[in-house]
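2 protein chains.
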Amino acid sequence: MKRTSLAGDSCPVARALDVFGDWWSLLIIRDASLGRRRFGEFQASLGLAKNILASRLRTLVEHRILKTVPASDGSAYQEYVLTPKGHGIFPILVALRQWSEEFDEHPEEIATILVDREKGKPVKKLALYSQDGRLLNEADITLKPRKARRVPA
Amino acid sequence: MKRTSLAGDSCPVARALDVFGDWWSLLIIRDASLGRRRFGEFQASLGLAKNILASRLRTLVEHRILKTVPASDGSAYQEYVLTPKGHGIFPILVALRQWSEEFDEHPEEIATILVDREKGKPVKKLALYSQDGRLLNEADITLKPRKARRVPA
DNA sequence: GCAATCAGGTTTAATAATGCAACCACGCGG
DNA sequence: CCGCGTGGTTGCATTATTAAACCTGATTGC
Chain S
118 MKRTSLAGDS CPVARALDVF GDWWSLLIIR DASLGRRRFG EFQASLGLAK NILASRLRTL
178 VEHRILKTVP ASDGSAYQEY VLTPKGHGIF PILVALRQWS EEFDEHPEEI ATILVDREKG
238 KPVKKLALYS QDGRLLNEAD ITLKPRKARR VPA
Chain U
118 MKRTSLAGDS CPVARALDVF GDWWSLLIIR DASLGRRRFG EFQASLGLAK NILASRLRTL
178 VEHRILKTVP ASDGSAYQEY VLTPKGHGIF PILVALRQWS EEFDEHPEEI ATILVDREKG
238 KPVKKLALYS QDGRLLNEAD ITLKPRKARR VPA
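From first to last, the protein sequence lines are chains S and U. So in the working numbering, spot 125 of the first sequence is number 242, and the numbers just go up one at a time. So in the working numbering, spot 124 of the second sequence is number 241, and the numbers just go up one at a time.
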């Protein structure tokens, strides 16, 4: 069967999904962004098989989304923490959360809401703006080739 | 071995991933948001097996992210178009794209950039704001229980 | 100081999800 | 009535995911 790799795709959405588009990676990253760092913490929180967790952590480290650090409590073990590249996934988690908050069929089952720490009030929805500050929706944008193609002589 | 379902999870991120967190759904939604509507268009664009595509389209319709409409060119076939719930996924696609644009190891392989239709200039990065307009980053937010828990007498 | 326990995995064997290709049904053109 | 394009479904081989058993090195109990 071989799951088709998207790594060579030219679409940035596909390239991102190739890195963490599987069933567990984003949840591991979510846990990491909530401060979990130890193998056992992830395993207890997510309830996934340990071999899968080991495999996912390995590929996330390879992709430099996580890095291992020597320990924090003096024990001989290692911990997994987000790199800057990993922290960059934060908006994606927020977007996923906001979509569920808005469209989930059973919103009463959602346990938590995202609030700003200072005031304790819900955050605004993520929104897309043009460089000159206009609010953009799906119809207001378009795709452009990244660079003018060099025409062969 | 049954793939563990996340549908009953109380985390909205997990709930979203349960709906479209597989290998293909987000790419189908991306294509739909680019205007593709026919089975054959998706299949040609994504290069996935037809049975998988049929299965994904079915579950996306069940979840009301896509809906089938009778035809647009008069033929007897049906087309798949995004519902409002489906259009709500747009910010997630943008977030994925922007992450790749910022962190991909081979950005030269990315073919397109997102620009606003009116001016043709790249869009701003998605950003998270508090209700009173402060720019928030990962450290400025926290999770709060959705409702005050009713304490049993 | 020796057994028991725990963190952090690897190995094994079963089951479920892919992928590919072949097949089917329908409408249409000739 | 024969073939072709669209839109699927069905079988079967291959791969991924899973739970559970096992392993290793460090820490704790006594």
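All residues carry an ideal CB built from backbone N, CA and C; glycine is no exception.
Short of 8 Å from the beta carbon of residue 160 (chain U), and not among the five residues preceding or following it, lie these beta carbons of its own chain, in chain order: 167, 170.
In this structure residue 208 (chain U) is buried. Its beta-carbon is surrounded by 16 or more other beta-carbon atoms within 10 angstroms. Within its own chain, the residues whose Cβ lies closer than 8 Å to the Cβ of residue 200 (chain S), once the five positions on either side in sequence are excluded, are 181, 182, 183, 184, listed in chain order. In chain S, no part has a C-beta under 9 Å from the C-beta of residue 152 (chain U); the shortest such distance is about 11 Å. Taking a contact to require three or more Cβ pairs closer than 8 Å, the region 229–248 of chain S and the region 234–251 of chain U qualify as touching.
In the structure shown, residue 233 (chain S) adopts extended strand secondary structure according to DSSP, grouped into three states. Look at residue 208 (chain U) here: in three-state DSSP terms it is helix. Residue 238 (chain S) sits in coil when the DSSP states are folded into three classes, being neither helix nor strand.
For the options S:121, S:123, S:132, the alpha carbon positioned closest to that of residue 219 (chain U) is the one of S:132. For residue 264 (chain U), the secondary structure class from DSSP, reduced to helix, strand or coil, is coil.
In the same chain as residue 142 (chain S), and ignoring 5 residues on each side of it, the C-beta atoms closer than 7 Å to its own belong to 173, 177, in chain order. Between residue 240 (chain U) and residue 213 (chain S), the C-beta spacing is not below 8 Å. For a Cβ distance threshold of 7 Å, nothing in chain U lies close to residue 169 (chain S): the least Cβ distance comes to about 10 Å.
Non-local beta-carbon contacts of residue 187 (chain U) in its own chain, meaning distances under 7 Å to residues more than five positions away in sequence, involve 195 in chain order. Its chain contains 143, 146, 147, 150 as the residues whose beta carbon lies nearer than 8 Å to that of residue 210 (chain U), once the 5 sequence neighbours on both sides are disregarded; these appear in chain order. Look at residue 185 (chain S) here: in three-state DSSP terms it is strand. Within the same chain, and ignoring the five residues on either side of residue 238 (chain S) in sequence, the residues whose Cβ sits closer than 8 Å to its Cβ are 232.
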